[in-house]
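Working notes, beginning with the structure itself.
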RNA sequence: CGGAGUGUGGCUCAGUCUGGUAGAGCACCGCGUUCGGGACGCGGGGGUCGCAGGUUCGAAUCCUGCCACUCCGACCA
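Numbering (my numbering), first residue to last: 158 to 594.
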């Protein structure tokens, strides 16, 4: 992409509405524009990041055996009356009436819809297990939206739903998602810690929040240090026994403030106790027959009788992650994108557009990087060098390849790694090798 | 939903107390000098001062009502 033809409206100063750093940086980098409280338009740069995060989530869901569907944003109120949640959900649910005076709602989640779909087609235990997910916009009319896209009213969520014949089978489905989540966040360059969450009315131990550690996180969290460094399992035998991998994590102490047990935390060796700030970026739970019973999602068992299925649901806040990653990765100059989610892989900065030498070298570099699949942004804009450096630092592109008249005269370019600030002056061929390594 | 605050060009803000021709910086347009970490000079364009009433000869400014947004708290991908 050539910056001169792109739409990347960066701001020198953050709008005063924005208080948290990720929100300020997203506005300054021209990623989003607020249209109403908790409702945002995604501008080209923001959309690129959002799509990359979404794609990572999708790939890891697919790898773990989940199947993608797409459910509507608008749902029938009658379905929610059936599950008993229509009245319970309260003012957070955005209720809509169509021209026929039919009650609709903008989905805050999709247990009802997916259960309706499932029960229409699946009738036998032989068809289980199944895990269906979608990545769709949700709306929750929060009392107080804040923190930019981290607590918007409209947000993009991946929500997966598992269907199993009994609790033991549901636990296996749960474990697959548990591992898939670890892999998902690791690919985004995040340190994530699964923490025991309030299981709600169902009880049991099958509910975890996935928390990334960031100094500006909104909740206080406590955990065993080893969890942070443990890394992700990667590809595993998804049909095998995942319980040991899960227990390797759940056996170590980890809890958010609400679930914190000071006595249990005191059992953790002192040098392993970590008390930090965190942001919730995922939540998984098993809810048994909560929806299948009232909504009659049943399959025939080997005994020939119908049994309600055992369900679980698994959420990832996709739009929230854009903000959360920034909270975890930024400096005074701006955003520092992990390579996997960066809007562009590298910025080629032509310091003197119109100069035959810099134009030629920039163009050569740009074409080579396109060919290498590095998705480059060519800054061919007519601005002073300082402004260009500041803008590219701000938007957080992982690599900068700087083409200036001085370098062209000695046959070199400068490359800079955004995360470390490390600079190298090299002939173009070598610079490209370093970036493409 | 309780408490606090803010609405003035695209962005940051001054002006409001004490009513009297709407301002600055950044951004934008033109010309010139510049050009390796957010340059400088000269000239220019752009604002129903959140909305609606009211007071007044006269309202960004005072009064009333409403709306929007932000922050703190209780609740949440």
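Even glycine gets a Cβ: it sits at the ideal position worked out from N, Cα and C.
Assuming residue i is part of the alpha helix (DSSP H), what are its boundary residues?
i           : result
residue 237 : 234 to 240
residue 161 : First-last for residue 161: undefined, no H or E at that position.
residue 420 : 419 to 423
residue 477 : 475 to 485
residue 564 : 562 to 566
residue 543 : 542 to 552
residue 592 : 585 to 593
residue 151 : Nothing can be reported for residue 151, as the shown portion of the chain is limited to 158 through 594.
residue 498 : Neither: residue 498 is in no alpha helix (DSSP H) and is coded neither H nor E.
residue 385 : 382 to 386
Between residue i and residue j, what straight-line distance do the alpha-carbon atoms span, to the nearest angstrom?
i           : j           : result
residue 138 : residue 473 : Residue 138 falls outside the range modelled here, since the chain spans only 158 to 594, and no answer is possible.
residue 340 : residue 513 : 47 Å
residue 334 : residue 425 : 27 Å
residue 499 : residue 552 : 9 Å
residue 244 : residue 238 : 8 Å
residue 265 : residue 275 : 19 Å
residue 453 : residue 368 : 34 Å
residue 613 : residue 416 : Since the first and last residues shown for the chain are 158 and 594, residue 613 lies out of range.
residue 539 : residue 163 : 13 Å
residue 312 : residue 323 : 32 Å
residue 460 : residue 202 : 56 Å
residue 268 : residue 330 : 16 Å
residue 366 : residue 353 : 6 Å
residue 481 : residue 436 : 7 Å
residue 409 : residue 468 : 26 Å
residue 393 : residue 328 : 17 Å
residue 229 : residue 220 : 24 Å
residue 510 : residue 544 : 14 Å
residue 215 : residue 204 : 16 Å
residue 419 : residue 430 : 11 Å
residue 263 : residue 195 : 15 Å
residue 159 : residue 532 : 11 Å
residue 589 : residue 397 : 42 Å
Sorted by chain position, which residues of the same chain lie with C-beta nearer than 7 Å to residue i's C-beta, five sequence neighbours on each side aside?
i           : result
residue 190 : 197, 198, 200
residue 457 : 280, 281, 282, 463
residue 518 : 560, 565, 570, 585
residue 568 : 584
Ignore the nearest five residues each way along the sequence and tell me which others in residue i's own chain have a CB closer than 6 Å to its CB.
i           : result
residue 548 : 167
residue 447 : none
residue 379 : 412, 417, 422, 432
What three-state label does DSSP hand residue i in the structure shown?
i           : result
residue 253 : strand
residue 181 : helix
residue 342 : helix
residue 533 : strand
residue 454 : coil
residue 266 : coil
residue 406 : helix
residue 298 : coil
residue 598 : Limits of the chain in this structure are 158 at one end and 594 at the other, which puts residue 598 out of reach.
residue 321 : strand
residue 331 : helix
residue 198 : strand
residue 413 : strand
residue 307 : helix
residue 290 : strand
residue 558 : strand
residue 313 : strand
residue 261 : strand
residue 276 : helix
residue 337 : helix
residue 401 : helix
residue 460 : coil
residue 271 : helix
residue 244 : helix
residue 284 : helix
By Cβ distance, which residues of its chain are closer than 8 Å to residue i, with the 5 residues on each side in sequence left out?
i           : result
residue 209 : 497, 498, 499, 500
residue 403 : 332, 335, 336
residue 521 : 585
residue 554 : 494, 499, 500, 501, 502, 503, 504, 534, 575
Starting from residue i and walking both ways along the beta strand (DSSP E), at which residues does that stretch end?
i           : result
residue 201 : No beta strand (DSSP E) contains residue 201, which is instead part of the alpha helix (DSSP H) from 201 to 220.
residue 447 : From DSSP, residue 447 is part of no beta strand (DSSP E); its letter is neither H nor E.
residue 192 : 189 to 193
residue 572 : 570 to 574
Below 8 Å, can you find three or more Cβ-Cβ pairs linking the segment 347 to 356 to the segment 227 to 235?
At 8 Å Cβ cutoff, the stretches do not touch.
Count the CB pairs spanning the segment 480 to 491 and the segment 363 to 376 that are closer than 8 Å, and state whether there are at least three.
yes
The segment 272 to 291 touching the segment 305 to 325, judged by at least three CB pairs closer than 8 Å
yes
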